[in-house]
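Below: one structure, written as structure tokens.
Protein chains: 2
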Amino acid sequence: MSDHSGASVTPVEAFEPPYYVAVFTSVHAEERSGYGETAARMEELVKDVPGYLGMDTAQTPGGLSITVGYFRDADALTQWRSNTEHRAAQSRGRAEWYESYTLHVAKVERSHGFKRA
Amino acid sequence: MSDHSGASVTPVEAFEPPYYVAVFTSVHAEERSGYGETAARMEELVKDVPGYLGMDTAQTPGGLSITVGYFRDADALTQWRSNTEHRAAQSRGRAEWYESYTLHVAKVERSHGFKRA
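The listed protein sequences correspond, in order, to chains S and X. Anchor point for the first sequence: position 59 equals 59 in our numbering, and the numbering is continuous, going up by one each time. Each number in our numbering corresponds to the 1-based position in the second sequence with 117 added.
The following block contains the structure:
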């Protein structure tokens, strides 16, 4: 749900598969009152979901935002998806904050990471 | 492989599952000679892969880049992964262009899109 620019500069690591990714790509509406507070609140709230592993977010100025959430299993995603406060935020997002978005929920089959020595 | 800023401002649509996503998150090295040309070449090259569906990319200035490639099936990903020119670009990326990166390859189980009316 979040795609504000307070991004960490270390990508979330490669976990041992299987795990889940929720890929959320979006284009913002021009006017976004209240968005920042809600995004920050969602970032806090998701941390309480058992099986939540982390989040990556990037935003091209004036362009696309991509947020990827990582979850240990489908139950963790179901719990996050059904969270009441999250559902209210999604509703408000469709009504006010997004021009368009796509969500892809997928089960990771392989992963790897690289870090400069 | 690509995360330059020539991003489209429409997210790739939600396809009918199953399909695959390759989520590539990265932090750049400070010096990146030759990166832009190679990224542009990879974006052209991947279009020749049968089963390639599209790509989303976003980059927070000074922060994280995320590129998501969409593929119809595992064969399409295998073909892209084994492309000689792509492999050379990956090598050069590890040697010169990236501080760190993570790749997550995952099979999409559900997806949906939203577009403001």
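Beta carbons: idealized from backbone N, C-alpha and C, even for Gly.
Return the CA-CA distance between residue i and residue j, expressed in angstroms with no decimal places.
i                 : j                 : result
Thr127 of chain X : Glu213 of chain X : 31 angstroms
Glu147 of chain X : Ser111 of chain S : 25 angstroms
His203 of chain X : Trp197 of chain X : 7 angstroms
Ala234 of chain X : Tyr35 of chain S  : 20 angstroms
Tyr218 of chain X : Ala88 of chain S  : 34 angstroms
Val185 of chain X : Phe24 of chain S  : 10 angstroms
Asp73 of chain S  : Ala175 of chain X : 26 angstroms
Asp56 of chain S  : Gln90 of chain S  : 19 angstroms
Arg209 of chain X : Arg92 of chain S  : 44 angstroms
Ser8 of chain S   : Phe114 of chain S : Note that Ser8 of chain S scores a pLDDT of 48, beneath 50, so its modelled location is shaky; the value from the coordinates is reported in the next line. Cα to Cα, the separation comes out at about 17 angstroms.
Gly62 of chain S  : Arg158 of chain X : 24 angstroms
Ala39 of chain S  : Ile183 of chain X : 19 angstroms
Arg94 of chain S  : His28 of chain S  : 10 angstroms
Glu44 of chain S  : Thr201 of chain X : 43 angstroms
Kindly indicate which three-state DSSP category residue i falls into: helix, strand or coil?
i                 : result
Gly210 of chain X : helix
Val126 of chain X : coil
Val163 of chain X : helix
Ser190 of chain X : Reading the sequence as shown, one finds Asp at residue 190 of chain X and not Ser. Coil, per DSSP.
Gly230 of chain X : strand
Thr78 of chain S  : helix
Glu216 of chain X : strand
Quick check on residue i: buried or exposed, where buried means 16 or more other Cβ atoms within 10 Å of its Cβ?
i                 : result
His121 of chain X : Note on His121 of chain X: pLDDT 42, under 50, position unreliable in the model; no value is reported.
Ser82 of chain S  : exposed
Thr177 of chain X : buried
Determine whether the beta carbon atoms of residue i and residue j lie at a separation below 7 angstroms.
i                 : j                 : result
Ala106 of chain S : Ala223 of chain X : yes
Ser26 of chain S  : Tyr98 of chain S  : yes
Phe71 of chain S  : Leu77 of chain S  : yes
Val21 of chain S  : Gly54 of chain S  : no
Pro134 of chain X : Val225 of chain X : yes
Identify each residue in the region 190 to 220 of chain X for which the Cβ-Cβ distance to at least one residue of chain S is less than 9 angstroms, and report them in chain order. Listed by position, the residues of the region 190 to 220 of chain X near chain S (Cβ gap below 9 angstroms) are Ala191, Gly210, Arg211, Tyr215, Glu216, Ser217, Tyr218, Thr219, Leu220.
Closer than 8 angstroms, Cβ to any Cβ of chain S: which residues of the region 145 to 176 of chain X, in chain order? So the close ones are Ala146, Asp173, Thr174, Ala175, Gln176.
Relative to chain X, which residues along the region 103 to 115 of chain S have a C-beta separation below 7 angstroms, given in chain order? Residues passing the 7 angstroms Cβ filter: Leu103, His104, Val105, Ala106, Lys107, Val108, Glu109, Arg110, Ser111, His112, Gly113, Phe114, Lys115.
Name the residues in the region 8 to 23 of chain S whose C-beta lies less than 8 angstroms from a C-beta of chain X; which are they? Residues passing the 8 angstroms Cβ filter: Ser8, Val9, Thr10, Pro11, Val12, Glu13, Ala14, Tyr20, Val21, Val23.
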